[in-house]
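Enquirer: There's a structure below that I have some questions on.
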Amino acid sequence: EVYFKNLSKQKQKKAMEKNGNNHKLRVCVATCNRADYSKLAPIMFGIKSEPQFFELDVVVLGSHLIDDYGNTYRMFEQDDFDIHTRLHTIVRGEDEAAMVESVGLALVKLPDVLNRLKPDIMIVHGDRFDALALATSAALMNIRILHIEGGEVSGTIDDSIRHAITKLAHYHVCCTRSAEQHLIAMCEDHDRILLAGCPSYDKLLSAKNKDYMGIIRTWLGEDVKTRDYIVALQHPVTTDIKHSIKMFELTLDALISFNKRTLVLFPNVDAGDKEMVRVMRKKGIEHHPNFRAVKHVPFDQFIQLVAHAGCMIGNSSCGVREVGAFGTPVINLGTRQTGRETGENVLHVRDADTQDKILHALQLQFGKQYPCSKIYGDGNAVPRILKFLKSIDLKEPLQKKFCFPPVKDNISQDIDHILETQSALAVDLGGTNLRVAIVSMKGEIVKKYTQLNPKTYEDRLELILKMCVEAASEAVNVNCRILGVGISTGGRVNPREGIVLHSTKLIQEWSSVDLRTPLSDALHLPVWVDNDGNCAALAERKFGHGKGVENFVTLITGTGIGGGIIHQHELIHGSSFCAAELGHIVVSLDGPECLCGSQGCIEAYASGIALQREAKKLHDADMLLVEGMSMKKEEVVSAAHLIQAAKLGNTKADSILRTAGTALGLGVVNILHTMNPSLVILSGVLASHYVTAVKDVINRQALSSAKTVDVVVSNLADPALLGAASLVLDYTTRRIY
Numbered sequence: 170e171v172y173f174k175n176l177s178k179q180k181q182k183k184a185m186e187k188n189g190n191n192h193k194l195r196v197c198v199a200t201c202n203r204a205d206y207s208k209l210a211p212i213m214f215g216i217k218s219e220p221q222f223f224e225l226d227v228v229v230l231g232s233h234l235i236d237d238y239g240n241t242y243r244m245f246e247q248d249d250f251d252i253h254t255r256l257h258t259i260v261r262g263e264d265e266a267a268m269v270e271s272v273g274l275a276l277v278k279l280p281d282v283l284n285r286l287k288p289d290i291m292i293v294h295g296d297r298f299d300a301l302a303l304a305t306s307a308a309l310m311n312i313r314i315l316h317i318e319g320g321e322v323s324g325t326i327d328d329s330i331r332h333a334i335t336k337l338a339h340y341h342v343c344c345t346r347s348a349e350q351h352l353i354a355m356c357e358d359h360d361r362i363l364l365a366g367c368p369s370y371d372k373l374l375s376a377k378n379k380d381y382m383g384i385i386r387t388w389l390g391e392d393v394k395t396r397d398y399i400v401a402l403q404h405p406v407t408t409d410i411k412h413s414i415k416m417f418e419l420t421l422d423a424l425i426s427f428n429k430r431t432l433v434l435f436p437n438v439d440a441g442d443k444e445m446v447r448v449m450r451k452k453g454i455e456h457h458p459n460f461r462a463v464k465h466v467p468f469d470q471f472i473q474l475v476a477h478a479g480c481m482i483g484n485s486s487c488g489v490r491e492v493g494a495f496g497t498p499v500i501n502l503g504t505r506q507t508g509r510e511t512g513e514n515v516l517h518v519r520d521a522d523t524q525d526k527i528l529h530a531l532q533l534q535f536g537k538q539y540p541c542s543k544i545y546g547d548g549n550a551v552p553r554i555l556k557f558l559k560s561i562d563l564k565e566p567l568q569k570k571f572c573f574p575p576v577k578d579n580i581s582q583d584i585d586h587i588l589e590t591q592s593a594l595a596v597d598l599g600g601t602n603l604r605v606a607i608v609s610m611k612g613e614i615v616k617k618y619t620q621l622n623p624k625t626y627e628d629r630l631e632l633i634l635k636m637c638v639e640a641a642s643e644a645v646n647v648n649c650r651i652l653g654v655g656i657s658t659g660g661r662v663n664p665r666e667g668i669v670l671h672s673t674k675l676i677q678e679w680s681s682v683d684l685r686t687p688l689s690d691a692l693h694l695p696v697w698v699d700n701d702g703n704c705a706a707l708a709e710r711k712f713g714h715g716k717g718v719e720n721f722v723t724l725i726t727g728t729g730i731g732g733g734i735i736h737q738h739e740l741i742h743g744s745s746f747c748a749a750e751l752g753h754i755v756v757s758l759d760g761p762e763c764l765c766g767s768q769g770c771i772e773a774y775a776s777g778i779a780l781q782r783e784a785k786k787l788h789d790a791d792m793l794l795v796e797g798m799s800m801k802k803e804e805v806v807s808a809a810h811l812i813q814a815a816k817l818g819n820t821k822a823d824s825i826l827r828t829a830g831t832a833l834g835l836g837v838v839n840i841l842h843t844m845n846p847s848l849v850i851l852s853g854v855l856a857s858h859y860v861t862a863v864k865d866v867i868n869r870q871a872l873s874s875a876k877t878v879d880v881v882v883s884n885l886a887d888p889a890l891l892g893a894a895s896l897v898l899d900y901t902t903r904r905i906y
């Protein structure tokens, strides 16, 4: 105590010098439920009593504002506190999801309140989910946090929440020496930890001598005597709701059999609380002559009730903490308070699996009187806390410093080196060739292997495995760590299962093929599979023009026409994995026949196969070759010959190319009017020949609001392989895919 006083005086003097003698510390006290108000109210009274040092803002949220839990915000009005903000944050529900949604709702509402109040420090109590929302909001908004009752140990999810708040808090007020040691073990700065005791003990230790019989009669009836009644307070255990409901049923059965007047308080707002209330009503507790069921009892009256009870039963922290100050017998049920420091007045029934076990505990404990315990406080917590608040220097850096124990030096690697060596195996299954490459995180193709694509399923799968094993072995030699395998293939693909559903006619025996399982089993690596058009879009998103663009479309102009759509930074697959079949947008009802069986598709006009078909017709009519062109007798006519002829002045070849460009442009206009992207990327060997025609059609045919779109030619040398690699690399960088 002497040490603390000297240290406090030094800190207070220093803080006053730095902050200026006229600065008042603006303190926001946020309270969520009846339990934490009992701990925070003494501090609030203390702050209010020293207006020359502090300004108090009170924020009320959580179950305080719900009628089912007694509208406990009225306690503030009775205690003459001004409520600056009331936030309805509880989402009604009976499961864990309702608690999560309540935290989310509080996180949505709190920033506006904190922006308006601009406190210097926020005081948060305990381990409730509402308190986690408060601490998270304050920490992210650079508001200092003083956490009350950190470092304690108990059961259920409360333990995790309490320690999470500890890591967010800048200052800590703990109640016991063990809690202080736990905080130090959690690497918190010892200079920012105050061992003050529990604030509620300041009121408890001065309360027992007050008039109490009127309070007992008000809540339990005129004929009740001291030490001849029971107080029951039991909450659901959120990590095992079903078992805690069963235990509550057994508790009520035991209390009915024990046949003593009993005050039953409704449980906290937690997952499972409504089911506990239903159990009470099913057993007729609210109408039973021996029971009084209430939603809330004011804390100063509750103190008198437990101080003079014959026994308290349940799993509330109040039973193992506050009630010890009076020596009242307590029966602690289940695991909710496992790890709490307790006095000798507490009898633990860890596995309360039978009514008889609880009944036996009641027979052992009821009516006893134990020595008073001061484990959690000596009645002087509030003065210590106020001194601690005055010593806070607001000019100190806000960023927390953790006091980690010394550890052995470790050898670390440079992050750039790590990123350079992380790589993917990329596989591209084309109509002609099968290619495998090692691709680095930066999009560099470190090594590439190419083979002719076999015609049968068995030979193709065998070759893929052989090439991947060879590439994976070579990766060690080139200092690359393979993270997974990405496969780009033609056809319709289910990327979730890694299955090729239907193939294009260019790849035979390639429908209903599971690629993921055999490759993953053989290589012991994760495997991703997707359509080649989608992979091209992913390549642009990670390495090309689409990097950082929220909405764009990629069109591949090659042997066929394909593409991929990126919407809000994510790839669109569609309900049956058929999205972005852009080559099969119909631009003419009576156009040429497409390989898909339809007529007038973009692919029937602008694909390499379509241009080859038209080139062959011209060649057969002896209308293809012009001056400057020559063909060997055995040479196969291709789209390249048509393009060359057009460049050399062949008007018919030029007309075919313009028609193809117009068809592609009309398809792009349809895409613009459907998806409204900000960017269209043309990829593939024919892209540069079509870009001008596409822009002309957009200017003529598109709505004025869509004409602002950028149309560019891809600068990626190998979008299929890079896209297959990005399937892997996006995952390793935590992208949603």
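Our numbering applies: residue 170 is where the sequence shown begins, and numbers increase by one. From the three backbone atoms N, C-alpha and C, an ideal C-beta is built for every residue, glycine too.
1) In the structure shown, what three-state DSSP assignment does glutamine 768 receive?
2) Whose C-beta lies closer than 6 Å to the C-beta of asparagine 311 among residues of the same chain, with five residues either side of it excluded?
3) For methionine 610, write down the residues that DSSP places opposite it in a beta bridge.
4) What do you reckon, are the CB atoms on glycine 659 and glycine 600 nearer than 8 Å?
5) Would you mind sorting asparagine 646 into buried or exposed? The rule is 16 or more other CB atoms within 10 Å of its CB.
6) Rounded to the nearest angstrom, what separates alanine 595 and valine 696 at their Cα positions?
7) Sorted by chain position, which residues of the same chain lie with C-beta nearer than 8 Å to valine 854's C-beta, five sequence neighbours on each side aside?
8) Suppose you measure from the CA of aspartate 360 to the CA of threonine 511; what does that come to, to the nearest Å?
9) Does chain B have any CB closer than 8 Å to the CB of glutamate 739?
10) Can you tell me the Cα-Cα spacing of leucine 898 and valine 515, whole angstroms?
11) Should tyrosine 370 and glycine 548 be called a contact, given that it needs their Cβ atoms to be closer than 8 Å?
12) Are there 16 or more other CB atoms within 10 angstroms of the CB of histidine 404, so buried, or fewer, so exposed?
13) For serine 857, which three-state DSSP category applies?
14) Beta-carbon separation of valine 698 and isoleucine 656 under 8 Å?
15) Please classify glycine 231: does DSSP put it in a helix, a strand, or coil?
16) Could you name the residues of the same chain whose beta carbon sits closer than 8 Å to that of glycine 743, not counting the 5 residues immediately before and after it, in chain order?
17) If we call anything under 8 Å between Cβ atoms a contact, is methionine 798 one with alanine 809?
18) Cβ atoms of leucine 301 and alanine 166: under 8 Å apart, would you say?
19) Report yes if the CB atom of valine 880 is closer than 8 Å to the CB atom of valine 863, and no otherwise.
20) Got a sec: does the ligand FMN put a non-hydrogen atom nearer than 7 Å to the Cβ of cysteine 637?
21) Enumerate in chain order the residues of its own chain whose CB-to-CB distance from aspartate 442 is below 6 Å, with the five nearest sequence positions on each side excluded.
22) Between isoleucine 330 and glutamate 349, is the Cβ-Cβ spacing less than 8 Å?
23) Tell me tyrosine 340's beta-bridge partners as DSSP assigns them.
24) Can you round the beta-carbon distance between asparagine 484 and arginine 505 to whole angstroms, since I take them to be within the 8 Å contact cut?
25) Taking contact to mean at least 3 C-beta pairs separated by less than 8 Å, is the stretch 754 to 774 in contact with the stretch 734 to 742?
26) Please return the same chain residues whose Cβ sits closer than 7 Å to the Cβ of methionine 792, not counting the five positions on each side in sequence.
27) Quick check on this structure: which residue in Gly295, His257 and Gly262 has the alpha carbon closest to the alpha carbon of lysine 278?
28) Among the residues of its own chain, which have a CB less than 6 Å from the CB of phenylalanine 721, if the five just before and after it don't count?
29) Under the three-state reduction of DSSP, which class applies to methionine 310: helix, strand or coil?
30) Please classify aspartate 327: is it buried, with 16 or more other beta-carbons within 10 angstroms of its beta-carbon, or exposed?
31) Going by beta-carbon coordinates alone, are leucine 424 and glutamate 219 separated by less than 8 Å?
32) So, at 7 Å on beta carbons, what are the nonlocal neighbours of threonine 408 in its own chain, with the 5 sequence-adjacent residues on each side left out?
33) Among Leu890, Ser413, Arg297 and Leu652, whose alpha-carbon lies nearest the alpha-carbon of alanine 708?
34) Go through the stretch 645 to 689 residue by residue and report every complete run of the beta strand (DSSP E) that reaches 3 residues or more, in order.
35) Report the rounded CA-to-CA distance for glycine 493 versus leucine 432, giving the unit in angstroms.
36) Tell me, to the nearest whole angstrom, how far the beta carbon of serine 609 is from that of cysteine 649; I am working on the premise that it is less than 8 Å.
Expert: On the basis of the coordinates in this document:
1) Taken through DSSP and simplified to helix, strand or coil, glutamine 768 comes out as strand.
2) Only Leu567 meet the Cβ criterion.
3) None, per the DSSP bridge assignment.
4) For glycine 659 and glycine 600, yes; Cβs fall inside 8 Å.
5) It is exposed - the Cβ of asparagine 646 has fewer than 16 other Cβ atoms within 10 Å.
6) Each residue's Cα considered, the two are about 10 Å apart.
7) Once the five neighbours on either side are set aside, the close Cβ partners of valine 854 are Thr726, Gly727 and Gly777.
8) In this model, aspartate 360 and threonine 511 are separated by some 27 Å (Cα to Cα).
9) Structure shown: chain B not included; a single protein chain is present.
10) The C-alpha of valine 515 is placed about 56 Å away from the C-alpha of leucine 898.
11) Contact: yes.
12) A buried status is given to histidine 404, since no fewer than 16 other beta-carbon atoms sit within 10 Å of its beta-carbon.
13) If DSSP states are grouped into helix, strand and coil, serine 857 belongs with the helices.
14) In this structure, isoleucine 656 lies closer than 8 Å to valine 698 by Cβ.
15) In this structure, glycine 231 counts as helix in the three-state DSSP scheme.
16) Apart from sequence neighbours up to five positions away, the residues of its chain that approach glycine 743 with a beta-carbon distance below 8 Å are Ala749, ordered along the chain.
17) Not closer than 8 Å, so no.
18) Residue 166 is absent from the structure shown; the chain starts at 170 and stops at 906.
19) Cβ atoms of valine 880 and valine 863: closer than 8 Å.
20) What this structure holds is no ligand at all, so the ligand FMN is not there to describe.
21) The residues are Pro405 and Pro436.
22) Against a cut-off of 8 Å, the Cβ pair of glutamate 349 and isoleucine 330 comes out as no contact.
23) Bridge partners of tyrosine 340: Leu315.
24) Between arginine 505 and asparagine 484 the Cβ distance is about 4 Å, and since that is below 8 Å, they are a contact.
25) Fewer than three Cβ pairs drawn from the stretch 754 to 774 and the stretch 734 to 742 lie within less than 8 Å of each other, which leaves the two stretches out of contact.
26) The residues are Lys821.
27) Ranking Gly295, His257 and Gly262 by Cα distance to lysine 278 puts His257 first.
28) Excluding residues up to 5 positions away in sequence, Gly715, Ile735, Pro846 and Leu848 lie with their Cβ nearer than 6 Å to the Cβ of phenylalanine 721 in the same chain.
29) Of the three classes helix, strand and coil, the one that applies to methionine 310 here is coil, per DSSP.
30) The C-beta of aspartate 327 has 16 or more other C-beta atoms within 10 Å across all chains shown, which makes the residue buried.
31) The Cβ atoms of leucine 424 and glutamate 219 do not sit closer than 8 Å to each other.
32) Within the same chain, threonine 408 has close Cβ partners Thr325 and Ile326.
33) Nearest C-alpha to alanine 708: Leu890.
34) Those beta strand (DSSP E) runs which fall completely within the stretch 645 to 689 and span 3+ residues are 650 to 658, 661 to 663 and 668 to 671.
35) Distance between the alpha carbons of glycine 493 and leucine 432: 19 Å.
36) About 7 Å separates the CB atoms of serine 609 and cysteine 649; that is less than 8 Å, so the two are in contact.
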